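Asker: Numbering-wise, our numbering puts 88 at position 60 of the sequence shown, and it's gapless, one number per residue.
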Amino acid sequence: MNLKDGSMFSTLSRARGGHRSRKPWSILGQATVEFAIVSIIFLMLVLGTLDLGRAIYMYSQLTNSVREGARYAQVAPTDTNNIKQRVISYSSGLGLSTSDVTVTCSSSCTTGNDITVSAHMTFSLVAQMFLGISPFTMHAHATDAID
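1) Starting from the C-beta of T126, find all residues in its chain whose C-beta is less than 8 Å away, skip the five residues before and the five after it, and write them out in chain order.
2) For the structure I just gave you, are there three or more beta carbon pairs, one from the stretch 141-156 and one from the stretch 94-105, closer than 8 Å?
3) Span of the beta strand (DSSP E) holding I143?
4) Quick check: the Cα distance between T138 and T132, rounded to an integer number of angstroms?
5) Helix or strand or just coil, what does DSSP make of D79?
6) I'd like the span of the alpha helix (DSSP H) that includes V115, first residue to last.
7) Does the distance from the C-beta atom of V94 to that of A173 stay below 9 Å?
8) Does DSSP put V131 in a helix, a strand or coil?
9) Do T130 and F151 count as a contact pair if the criterion is CB distance below 9 Å?
10) Under the three-state reduction of DSSP, which class applies to A155: helix, strand or coil?
11) Who are the near neighbours of V154 in its chain, counting only those whose CB is closer than 8 Å to its CB and skipping five residues on each side?
12) Could you give the residue range of the beta strand (DSSP E) that holds D175?
13) Residues in its own chain within less than 7 Å of D175 by CB, not counting five upstream and five downstream?
So, in structure tokens, the structure goes:
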């Protein structure tokens, strides 16, 4: 037994011609700190990509539902309740209500004039607590001529 370092393991390891297999604590601590920094950056990239994809999908769905409402409004411009319901039904999963959808005519709701259907919704990020970003509002509108 080697009395200088007091371990049986290091004596056996040296007797076999090997080196000590234990790593110093500073190397293990350094690896832990590096992992913590890299994992935070990686997690923020993944959550940011997820949020960007969700935002693009929801904006696309909002835009398409407003277009569908404007198409219906071309033939029935005075039926605002059904125009709003059409927008809401085409935007399933967005949580729109009738107060989020507006229907306006350019001058009067008669043939040859324009009708505009618009909607807005609030988008919340998955990582907004980590990033300190507040929710933002998405707007979409479509204008068609009344037939």
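All residues carry an ideal CB built from backbone N, CA and C; glycine is no exception.
Keep in mind that this is a model prediction, so the values were computed, not measured.
Answerer: Considering the structure as presented:
1) N109, K112, Q113 and I116, listed in sequence order.
2) For the pair of segments examined, the stretch 141-156 was found to touch the stretch 94-105: the number of CB pairs separated by less than 8 Å reaches three.
3) Unbroken beta strand (DSSP E) run through I143: D142 to F151.
4) Each residue's alpha carbon lies about 12 Å from the other.
5) Judged by DSSP in its simplified three-state form, D79 adopts helix.
6) Counting along the chain, V115 sits inside the alpha helix (DSSP H) bounded by residues T108 to Y118.
7) A173 is positioned such that its CB atom lies no closer than 9 Å to that of V94.
8) In the structure shown, V131 falls within a strand segment according to DSSP collapsed to helix, strand and coil.
9) The answer is no: Cβ separation not under 9 Å.
10) Look at A155 here: in three-state DSSP terms it is coil, with no helix or strand label.
11) So the list reads L75, L78, D79 and R82, once near-sequence residues are dropped.
12) Careful: D175 lies outside any beta strand (DSSP E) and carries neither H nor E.
13) Contacts found: Q102, V103 and T139.
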